[in-house]
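Asker:
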Amino acid sequence: MSFEMTTLGEYIKVQGGYAYKSKDFIEFSNNKVLKIKNVRFCTVDYAEPAYVSDEIAASTRNWRVKEGDVLISMTGSGPSAPQSLVGRVARVWKNEPDAWINQRVGRVCLLDEDSVHLDFIFYWLSLPQSQEYLVSNSSGSANQANISGKIIESLPCPKVDYQTSKQIADLARNFDEKVILNSKTNQTLEQMAQAIFKSWFVDFDPVKAKMNGEQPEGMDAATASLFPEKLVESELGLIPEGWEASCMGEHFNITMGQSPKGETYNEEGEGIAFFQGRRDFGFRYPDVRVFTTDPKRYAKADDTLISVRAPVGDKNMAAIDCCIGRGVAAIKHKSESRSFTYAFVSHIEKKLGDSGSSGTVFSSINQNELKKVSFVAPPQALIEAFHKLVDPIDQKVQVLSGEIKSLSALRDTLLPKLLSGEIELEQTESIVEAV
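In structure tokens, the structure reads:
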């Protein structure tokens, strides 16, 4: 049984962010200011915020966010740029840093906290149909679309009682909290793997420890014995004795993508998964959106995928055998170690994306340029030791990524039906227990 409809204005009003002046912002403080770019889908991105002093933060305390707040971007793009759409909605989750909202970031405020649960409003605003409504009712240009509080408040919305709204919100939030926990765990695991790679193969910490007559920290004797006790000069600077100053082409297999004809593309699952470029990339694994019936170049499961067109250097790992287009290359160390390959590409990712000596940013990179990327090659025994240590970390990331995908798909299937009243909560009880 579907819910009767009303508008969001029956439940909420929108508080606009504070109009901080340019002179209010300082280089760094504990007081983060969130701009529209920090409002992502579902979550707040605290990377690259603005900052204000303690005095200004105190004087604008009414714009400080707290756990459970729902934020919305009131300026953004039109449908041609989905990642920066106007009307993006984010929730402030547990244990997030102190932050204040800047102008054009709206906060959803309940008129009566006993009338509806705020998370119900958050999930309703997150639905594709709600996003489409906000975009289609925005003003301005495709590159800078704007919505007002009145437009947000005019959005059609189900009329529900508080208890029903809370039960639906609790179910949806349960999914999201598990997804967020898994995502944070994955980020920590990836940082661990990259820290080990950097210590062993970039900073040469175990070698330096042995040079000082010390046992390498956190390492068993067998692994420590694989590292030499001396650094020697090379064309790449000081490197461990017995290691080779070389380049990627000598140690990695590199396959450059080639795009099939457009008429072979489909979204119905015919043929093989096809990745054209970085737009398909996720945290670790790309999202399968498009297939092709006429693949030209392949990547194997566990190959590292790297963007070779602007922005150059972004990386992912293939979860399955797939076809790669001209915006992607597939890389694998000749040892077949997926963990060593991925960690190495993570290390050079920023180097590939940064500008060259000419000061111009690379708009693309070809196979010959990739092959020439410098590489300090350790002995095979050390690559095997690294793989033995790090591959269990990568396996855990793979499992958690699979759980994130399953939970997200289940949430996205159930949520619109619950919010619209198409299915009732009682029908989801067994699913809730399994989550």
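Residue numbering for the sequence shown follows my numbering, beginning at 69 and increasing consecutively.
Here a beta-carbon is modelled for each residue, glycine too, at the ideal position from N, C-alpha and C.
1. With a CB to CB cut of under 8 Å and the five nearest residues on each side skipped, what residues in its chain are close to Glu335?
2. Count the other C-beta atoms from every protein chain shown that fall within 10 angstroms of the C-beta of Val101, then say buried if there are 16 or more, exposed otherwise.
3. Can you name, in chain order, every residue of its own chain whose Cβ lies under 7 Å from the Cβ of Thr75, other than the five neighbours on each side?
4. Buried or exposed: where does Gln344 fall if 16 or more other Cβ atoms within 10 Å of its Cβ makes it buried?
5. Does the beta-carbon of Ala453, which I'm using as the reference point, lie nearer than 8 Å to any heavy atom of the ligand MN?
6. Helix, strand or coil for Thr75, going by three-state DSSP, please let me know.
7. Short check: CB of Gly155 to CB of Ile80, under 9 Å?
8. Would you say the segment 271 to 282 touches the segment 377 to 392, given that touching needs at least three Cβ pairs under 8 Å?
9. So, do the segment 324 to 342 and the segment 402 to 419 have three or more beta carbon pairs nearer to each other than 8 Å?
10. Can you give the Cα-Cα distance for Leu153 and Pro196, rounded to whole angstroms?
11. Are the CB atoms of Arg159 and Thr111 nearer to each other than 9 Å?
12. When we look at the beta-carbon of Lys383 and count the other beta-carbons within 10 Å, is it buried (16 or more) or exposed?
13. Can you confirm whether the segment 482 to 491 touches the segment 235 to 244 when touching is taken to mean that 3 or more C-beta pairs between the two stretches lie within less than 8 Å?
14. Determine which residues share a DSSP beta bridge with Lys100 and list them.
15. Three-state secondary structure (DSSP) at Ile509?
16. Figure out for me which residue from Phe408, Pro147, Leu249 has the closest Cα to the Cα of Gln212.
17. Would you check if the distance between the CB atom of Pro294 and the CB atom of Val300 is smaller than 9 Å?
18. What number of angstroms, rounded off, separates the C-alpha of Asn242 from the C-alpha of Leu450?
19. Quick check on DSSP: helix, strand or coil for Asn130?
20. What do you reckon, are the CB atoms on Val138 and Phe71 nearer than 9 Å?
21. So, Ser97 versus Ala125, is the Cβ gap smaller than 9 Å?
22. Going by DSSP, name the residue or residues bridged to His401.
23. Alpha carbon to alpha carbon, how far is Lys402 from Asp371? Give it in angstroms, no decimals.
24. Give the straight-line distance between the Cα atoms of Ile433 and Val247, rounded to the nearest whole angstrom.
25. By alpha-carbon positions, which one of Ala313, Gly325, Tyr114 ends up nearest to Asp166?
26. Give the range of the beta strand (DSSP E) segment to which Phe343 is assigned.
27. What did DSSP end up calling Ile140 once you bin it into helix, strand or coil?
28. Within 10 angstroms of the Cβ of Thr409, are there 16 or more other Cβ atoms? Answer buried if so, exposed if not.
29. Where DSSP assigns a beta bridge to Gln463, which residues make up the other side?
30. How should Ile264 be labelled, buried or exposed, when 16 other C-beta atoms within 10 angstroms of its C-beta is the threshold for buried?
31. Give the C-beta separation of Ala445 and His319 to the nearest angstrom, bearing in mind that I take them to be a contact with Cβ-Cβ under 8 Å.
32. Who are the Cβ neighbours of Gly339 in its own chain at under 6 Å, not counting the five residues just before and after it?
33. Please state whether the Cβ-Cβ distance between Leu202 and Glu78 is less than 9 Å.
34. Beta carbon of Ile104, beta carbon of Thr143: below 9 Å?
35. Quick one: is Asn170 buried, meaning 16 or more other Cβ sit within 10 Å of its Cβ, or exposed?
36. Let me make sure I understand the geometry here. Which of Glu95, Ala118, Ser209, Gly136 has the alpha-carbon closest to that of Ala149?
Answerer: Taking the coordinates as given:
1. As a position in the sequence shown, residue 335 is number 267, starting the count at 1. The residues are Arg357, Val358, Phe359.
2. Counting from one through the sequence shown, the residue named residue 101 turns up at place 33. Val101 should be labelled buried.
3. The residue labelled residue 75 in the question sits at position 7 within the sequence shown. Counting only Cβ-Cβ distances below 7 Å, and skipping sequence neighbours, we find Glu221, Ser222, Leu223, Pro224, Cys225.
4. Taking the sequence shown and counting its residues from 1, one reaches residue 344 at position 276. Gln344 comes out buried.
5. Among the ligands in the structure shown, none appear at all, so the ligand MN cannot be discussed.
6. Reading the sequence shown from its first residue, position 7 is the one you call residue 75. In this structure, Thr75 counts as strand in the three-state DSSP scheme.
7. Translated into positions along the sequence shown, residue 155 becomes position 87. Translated into positions along the sequence shown, residue 80 becomes position 12. No; because the gap between Cβ atoms is not below 9 Å, this pair is not in contact.
8. Of all C-beta pairs linking the segment 271 to 282 to the segment 377 to 392, fewer than three are shorter than 8 Å, placing the two stretches out of contact.
9. The segment 324 to 342 is not in contact with the segment 402 to 419.
10. Position 85 of the sequence shown holds residue 153. Position 128 of the sequence shown holds residue 196. Approximately 11 Å between the Cα atoms of the pair.
11. Residue mapping note: residue 159 aligns to position 91 of the sequence shown, counting from 1. Residue mapping note: residue 111 aligns to position 43 of the sequence shown, counting from 1. A Cβ-Cβ contact shorter than 9 Å links Arg159 with Thr111.
12. As a position in the sequence shown, residue 383 is number 315, starting the count at 1. Its Cβ being crowded by 16 or more others within 10 Å, Lys383 is buried.
13. Taking a cut-off of 8 Å for Cβ pairs, the segment 235 to 244 and the segment 482 to 491 touch, as three or more such pairs fall below it.
14. For the purposes of this step, residue 100 is taken as residue 32 along the sequence shown, with counting starting at 1. Bridge partners of Lys100: Tyr119, Ala167.
15. No answer is possible for residue 509: the residues shown for the chain start at 69 and end at 503.
16. On the sequence shown, residue 212 is found 144 positions in, with the first residue counted as 1. Ranking Phe408, Pro147, Leu249 by Cα distance to Gln212 puts Pro147 first.
17. Here residue 294 refers to the residue found at position 226 when the sequence shown is read from its first residue. Here residue 300 refers to the residue found at position 232 when the sequence shown is read from its first residue. Note that residue 294 is Leu in the sequence shown, not Pro. Cβ distance not < 9 Å, so Leu294 and Val300 don't count as in contact.
18. Counting from 1 along the sequence shown, the entry for residue 242 is found at position 174. Counting from 1 along the sequence shown, the entry for residue 450 is found at position 382. Rounded to the nearest whole angstrom, the CA to CA distance from Asn242 to Leu450 is 43 Å.
19. Walking along the sequence shown from the start, residue 130 turns up at place 62. Reduced to three states, the DSSP call for Asn130 is helix.
20. Taking the sequence shown and counting its residues from 1, one reaches residue 138 at position 70. Taking the sequence shown and counting its residues from 1, one reaches residue 71 at position 3. Between Val138 and Phe71, the CB-CB gap reaches or exceeds 9 Å.
21. Reading the sequence shown from its first residue, position 29 is the one you call residue 97. Reading the sequence shown from its first residue, position 57 is the one you call residue 125. Yes, Cβ-Cβ distance for Ser97 and Ala125 is below 9 Å.
22. As a working note, residue 401 is residue 333 in the sequence shown. Assignment of beta-bridge partners to His401 by DSSP yields Phe320.
23. In the sequence shown, counting from the first residue as 1, residue 371 sits at position 303. In the sequence shown, counting from the first residue as 1, residue 402 sits at position 334. In this structure, the alpha-carbon of Asp371 lies about 11 Å from that of Lys402.
24. The residue you call residue 433 lines up with position 365 of the sequence shown. The residue you call residue 247 lines up with position 179 of the sequence shown. Answer to the nearest angstrom: the Cα atoms are 35 Å apart.
25. Numbered from 1 along the sequence shown, position 98 holds the residue referred to as residue 166. Minimum Cα distance to Asp166 is reached at Tyr114.
26. For the purposes of this step, residue 343 is taken as residue 275 along the sequence shown, with counting starting at 1. Per DSSP, Phe343 belongs to the beta strand (DSSP E) from 340 to 343.
27. Reading the sequence shown from its first residue, position 72 is the one you call residue 140. In the three-state DSSP reduction, Ile140 falls in the strand class (E or B).
28. In the sequence shown, residue 409 corresponds to position 341, counting from 1. Only buried fits Thr409, as 16 or more other CB atoms lie within 10 angstroms of its CB.
29. Here residue 463 is taken as the residue at index 395 of the sequence shown, counted from 1. Partner(s): none; Gln463 has no beta bridge.
30. As a first step, residue 264 must be located in the sequence shown, where it is residue number 196. Burial state of Ile264 is buried, judged by a 10 Å Cβ sphere holding 16 or more other Cβ atoms.
31. Against the sequence shown, residue 445 aligns to sequence position 377. Against the sequence shown, residue 319 aligns to sequence position 251. Their Cβ separation, rounded to whole angstroms, is 5 Å, which keeps Ala445 and His319 in contact under 8 Å.
32. Translated into positions along the sequence shown, residue 339 becomes position 271. The residues are Phe359, Thr360, Thr361.
33. Position 134 of the sequence shown, counted from the start, is the residue given in the question as residue 202. Position 10 of the sequence shown, counted from the start, is the residue given in the question as residue 78. Cβ distance not < 9 Å, so Leu202 and Glu78 don't count as in contact.
34. Looking up residue 104 in the sequence shown gives position 36. Looking up residue 143 in the sequence shown gives position 75. Taking 9 Å as the Cβ cut-off, Ile104 and Thr143 qualify as a contacting pair.
35. Taking the sequence shown and counting its residues from 1, one reaches residue 170 at position 102. Buried: at least 16 other Cβ atoms inside 10 Å.
36. The residue you call residue 149 lines up with position 81 of the sequence shown. Residue Ser209 is the option with its Cα nearest to Ala149.
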